[in-house]
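Residue numbers (the working numbering), protein chains in the order written: chain E, 34 to 416; chain P, 3 to 364. For each residue, glycine too, the CB sits at the ideal point set by N, CA and C. A quick write-up on the structure given underneath.
In structure tokens:
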């Protein structure tokens, strides 16, 4: 039963999830999220309904096998909630999460548990996501025990090879507890644990944010190596756009529970269409010669509005330098403005092509013309 | 500015001590600066050693730097390189187990070996610090306004009402919207960026000459980070405060600081003006940091060049260069003799026997 670590994606995993229903969206799509909504009801004193926190609102995307989708956004944009909704912890309020041909939202718990072996998570802080009293080997072995994989000696052998795979000397670190390991080593243990059940998709929730630059680069390279060696897919969440570019094939930008823009990584970075994406890109401090330092940078002011009472229409309009009346009145739909490049904005940044959905807004061209002058509303600074 | 804040106006920061700050100095009983050109804060050959049960840890091994009015200095390094310990030594906030030697001069006055009582008067009014995690530096059970007035009244002879006025003024200065209302709120009611603004307001409460920002924006989003850094630099140009930023992010340091110090294993390994450093890195460690940074210019799925290994154990002073075990260009002499930090080119200091990019044999 126990496949060797190198034989990834062996028939074992295919049979393990039981139902061999072919994916309706084609073989290539590993994960499809359709109109996902996650809300949390806040309670006041006495259990009265205090408000509805709209954490994720109507998010749809596809993830192909072997692909890495990066998700960026500020704190509170719903990135982590999205990942948790995908693994059904907790289950989303509406929408579909189709993984390997099955809709996880409607799957009973038992079946869901067997699907989850293909769907693992790596969290931000390795110290708080690993049990401080357990040794590294036991942490990595736990999922194997939980899913009843192999005999004890087989498991032990597998744990050893997993630790080696993530770059830890099993003989030396196998019996170490998290506090005896550095942050990077702990994160490697967390990755080994995620790999133990030979998943198809790993959801990484800011996996390197708490690490130092050199260690971060080591762990990023590890993710990259595992992807090429094992053909893994990643949903890679981070708030650092440069980091996301490093690992991703496609990037999705989230703002206050909504998807702003999604597209191939090169397009997003070369030609961002959503003003929020541009603002994020401009916020990255880069070592540039002082002559051009901090010139012509757009820094968005203000803060994320409350998800309890999101702005009407486009949620970014309260901070957007290009906002018009239409933005308050109508929710912008995601529309394609290029090959696989989708944006949810009434007045996207110049794309060089006519907007595909221009017919919906007869005044769009005129409004855009007026928008060019409004471009200087974006706070430009020079020091 | 309520007339209380040290208002050096928008004059060039380098103008330094003239009538108003001198008047303020005498008003609050500060010794006046000796000369204009002398550095505000001058640290030389600072050593910090922790004496623990398991032996000694040489956390800082002889670092030197100085900073003048209106200057911005960045201290860069990995966790455990001694950045924060150096900052805490300057603040006089190290625990009793730390043995500090060397010299820390503020406006010419020696601070090493001063009593806690003296240091208490010096902190806040002269040197203030902003920490990484605003949640941990604010008291969750106190309203933010009270926390600011506490800092104000601790150091300045103001009554309750004046302190309130000053606190609201400070909140406005750090661009907290609706400062009168925020004054009465608790830290949990504020977002991370707002909390950090409050911490900055507390640090600026008594108009310090030197502000140390220890990873002040690390816990924040990039957009908020840009806002906070712009705020700090704006405040600096208004008040002429010297800013010491401690960070592990080379990009941040390059974008905002004038001078950069790179620390490794408790030592300064390179020092250069920010504009020059990234064009021509000399110390292989700085190069390694730079290479390991994910950058927008890079293509996706490119493996980052990384050096293996870990920083050395600081419980023993290494025989040779501390970076030698990890250095890609290591040679025999690196392991035998530690290179001293020296000014090899005007403004450029490094501690390496075989620096990159000089044509020297590697």
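(request) Tell me whether the beta-carbon of residue 153 (chain E) lies closer than 9 Å to the beta-carbon of residue 274 (chain E). (result) By 1-based counting over the first chain, the position of residue 153 (chain E) is 120. By 1-based counting over the first chain, the position of residue 274 (chain E) is 241. No, Cβ-Cβ distance for residue 153 (chain E) and residue 274 (chain E) is not below 9 Å.
(message) Under 8 Å, with one C-beta from each stretch per pair, do the stretch 153 to 161 of chain P and the stretch 224 to 238 of chain P reach the 3-pair mark?
(response) no
(message) Could you check whether the Cβ of residue 317 (chain E) sits closer than 9 Å to any Cβ belonging to chain P?
(response) Start at 1 with the first residue of the first chain, and residue 317 (chain E) comes out as number 284. Yes, because at least one Cβ of chain P sits closer than 9 Å to the Cβ of residue 317 (chain E).
(message) Less than 7 Å between C-beta atoms, sequence neighbours within five positions excluded: which residues of the same chain meet that for residue 217 (chain E)?
(response) Residue numbering aside, residue 217 (chain E) sits at position 184 when the first chain is read from its first letter. Hits under 7 Å: 244, 248, 251, 252.
(request) Using only alpha-carbon positions, find the residue among E:112, E:334, E:138, E:291 that is nearest to residue 237 (chain E). (result) Sequence index remark: in the first chain, residue 237 (chain E) carries index 204 (1-based). When only C-alpha atoms are compared, the closest one is E:112.
(message) Under 8 Å, CB to CB, which of the residues in the stretch 191 to 204 of chain P have a partner in chain E?
(response) 193, 194, 195, 196
(message) Just verifying my parser: in three-state terms, what is the DSSP assignment at residue 13 (chain P)?
(response) As a first step, residue 13 (chain P) must be located in the second chain, where it is residue number 11. Note that residue 13 (chain P) scores 34 on pLDDT, short of 50, meaning its location in the model is unreliable; the coordinates nonetheless yield the value given after this. Residue state, collapsed to three classes: coil.
(message) Could you pull the DSSP bridge partners for residue 294 (chain P) from this structure?
(response) For the purposes of this step, residue 294 (chain P) is taken as the residue at position 292 of the second chain. DSSP, once it has assigned bridges, lists no residue as partnering residue 294 (chain P).
(message) Rounded to whole angstroms, what is the Cα-Cα separation between residue 67 (chain E) and residue 128 (chain E)?
(response) Here residue 67 (chain E) corresponds to residue number 34 of the first chain, with the count starting at 1. Here residue 128 (chain E) corresponds to residue number 95 of the first chain, with the count starting at 1. Spanning the two alpha carbons is a distance of roughly 6 Å.
(message) For the ligand SAH, is there any heavy atom lying closer than 8 Å to the beta carbon of residue 293 (chain P)?
(response) This structure lacks the ligand SAH, and indeed carries no ligand of any kind.
(request) Could you tell me whether any Cβ in chain P is nearer than 9 Å to the Cβ of residue 246 (chain E)? (result) Counted from its first residue, the first chain places residue 246 (chain E) at position 213. With 9 Å as the cut-off, residue 246 (chain E) counts as an interface residue toward chain P.
(request) For residue 58 (chain P), I'd like the list of residues in its chain whose CB is within less than 6 Å of its CB, leaving aside the five on either flank, ordered along the chain. (result) Counting from 1 along the second chain, the entry for residue 58 (chain P) is found at position 56. 51, listed in sequence order.
(message) According to DSSP, simplified to helix, strand and coil, what is residue 82 (chain E)?
(response) By one-based count along the first chain, residue 82 (chain E) stands at place 49. DSSP places residue 82 (chain E) in strand when its eight states are reduced to three.
(request) Using 10 angstroms around the beta-carbon of residue 95 (chain E), count the other beta-carbons present and answer buried if the total reaches 16, otherwise exposed. (result) As a working mapping, residue 95 (chain E) is identified with position 62 in the first chain. Residue 95 (chain E) is buried by the Cβ-count criterion.
(message) Just to confirm, is the Cβ distance from residue 310 (chain E) to residue 286 (chain E) under 9 Å?
(response) Here residue 310 (chain E) refers to the residue found at position 277 when the first chain is read from its first residue. Here residue 286 (chain E) refers to the residue found at position 253 when the first chain is read from its first residue. Yes, they are a contact pair.
(message) If I measure Cβ to Cβ from residue 1 (chain P) and keep anything under 6 Å in the same chain, skipping five residues before and after, which residues do I get?
(response) Only positions 3 to 364 of chain P appear in this structure, which leaves residue 1 (chain P) out of reach.
(message) In this structure, how does DSSP classify residue 301 (chain P) when only helix, strand and coil are distinguished?
(response) Looking up residue 301 (chain P) in the second chain gives position 299. Of the three classes helix, strand and coil, the one that applies to residue 301 (chain P) here is coil, per DSSP.
(request) Grab me the residues of residue 133 (chain P)'s own chain with a C-beta within less than 6 Å of its C-beta, minus the 5 sequence neighbours each way, in chain order. (result) Translated into the one-based positions of the second chain, residue 133 (chain P) becomes position 131. Hits under 6 Å: 139, 216.
(request) With a cut-off of 8 Å on the beta carbons, I'd call residue 273 (chain P) and residue 359 (chain P) a contact; round off their distance for me. (result) Start at 1 with the first residue of the second chain, and residue 273 (chain P) comes out as number 271. Start at 1 with the first residue of the second chain, and residue 359 (chain P) comes out as number 357. That pair is no contact at about 16 Å.
(message) Using a Cβ-Cβ cutoff of less than 8 Å, which residues in the same chain neighbour residue 255 (chain E) once the five nearest sequence positions on both sides are dropped?
(response) Along the first chain, one-based indexing puts residue 255 (chain E) at 222. Cβ within range, chain order: 199, 200, 221, 224.
(message) Taking the alpha-carbon of residue 73 (chain P) as reference, which of P:85, P:282, P:214 has the nearest alpha-carbon?
(response) Against the second chain, residue 73 (chain P) aligns to sequence position 71. Cα-wise, what sits closest to residue 73 (chain P) is P:214.
(request) Answer yes if the stretch 118 to 135 of chain P comes into contact with the stretch 175 to 188 of chain P, meaning at least three C-beta pairs across the two stretches below 8 Å, and no otherwise. (result) no
(message) For residue 316 (chain E) and residue 355 (chain E), I'd like the C-alpha separation in whole angstroms.
(response) As a working note, residue 316 (chain E) is residue 283 in the first chain. As a working note, residue 355 (chain E) is residue 322 in the first chain. The straight-line gap from Cα to Cα measures roughly 18 Å.
(message) Let's see if you can read the secondary structure: which residues bound the alpha helix (DSSP H) around residue 303 (chain E)?
(response) By one-based count along the first chain, residue 303 (chain E) stands at place 270. Run containing residue 303 (chain E): 298 to 303, per the alpha helix (DSSP H) assignment.
(request) Only counting runs of 4 or more residues, tell me where the alpha helix (DSSP H) segments fall wholly within the stretch 215 to 251 of chain P, in order along the chain. (result) 224 to 241
(request) Decide if residue 79 (chain E) is buried, meaning its Cβ has at least 16 other Cβ atoms within 10 Å, or exposed. (result) One-based indexing of the first chain puts residue 79 (chain E) at position 46. By the 10 Å Cβ count, residue 79 (chain E) comes out exposed.
(message) Measuring straight from C-alpha to C-alpha, what distance separates residue 354 (chain P) and residue 289 (chain P)?
(response) Looking up residue 354 (chain P) in the second chain gives position 352. Looking up residue 289 (chain P) in the second chain gives position 287. Between residue 354 (chain P) and residue 289 (chain P), the C-alpha separation is close to 12 Å.
(request) Taking residue 68 (chain P) as the reference, give the member of P:203, P:235, P:302, P:270 with the closest Cα. (result) For the purposes of this step, residue 68 (chain P) is taken as the residue at position 66 of the second chain. Selected option, being the one with the closest Cα: P:270.
(message) Just verifying my parser: in three-state terms, what is the DSSP assignment at residue 239 (chain E)?
(response) Translated into the one-based positions of the first chain, residue 239 (chain E) becomes position 206. Note: residue 239 (chain E) maps to coil in three-state DSSP.
(request) Starting from the beta carbon of residue 273 (chain E), find every residue of chain P whose beta carbon is closer than 9 Å, and list them in chain order. (result) What you label residue 273 (chain E) is simply residue 240 of the first chain in a count that begins at 1. Residues of chain P passing the Cβ test: 224, 296.
(request) Buried or exposed for residue 48 (chain P), please, with buried defined as at least 16 other CB atoms from any protein chain shown within 10 angstroms of its CB. (result) Mapped onto the second chain, residue 48 (chain P) falls at position 46. When all chains shown are included, residue 48 (chain P) counts as buried.
(message) Classify residue 131 (chain E): buried if its beta carbon has 16 or more other beta carbons within 10 angstroms, exposed otherwise.
(response) Here residue 131 (chain E) corresponds to residue number 98 of the first chain, with the count starting at 1. That one is buried.
(message) By the 8 Å beta-carbon criterion, what residues does the stretch 334 to 350 of chain E contribute toward chain P?
(response) 334, 336, 337
(request) Please name the residue in P:286, P:236, P:46, P:197 whose C-alpha comes closest to that of residue 145 (chain P). (result) The sequence position of residue 145 (chain P) within the second chain is 143, counting from 1. Ranking the options by Cα distance to residue 145 (chain P), first place goes to P:197.
(request) Closer than 8 Å by beta-carbon distance: list the chain P residues that pair up with residue 312 (chain E), in chain order. (result) Taking the first chain and counting its residues from 1, one reaches residue 312 (chain E) at position 279. 225, listed in chain order.
(request) Kindly indicate if chain E contains any beta-carbon less than 9 Å away from that of residue 300 (chain P). (result) Taking the second chain and counting its residues from 1, one reaches residue 300 (chain P) at position 298. Residue 300 (chain P) counts as touching chain E.
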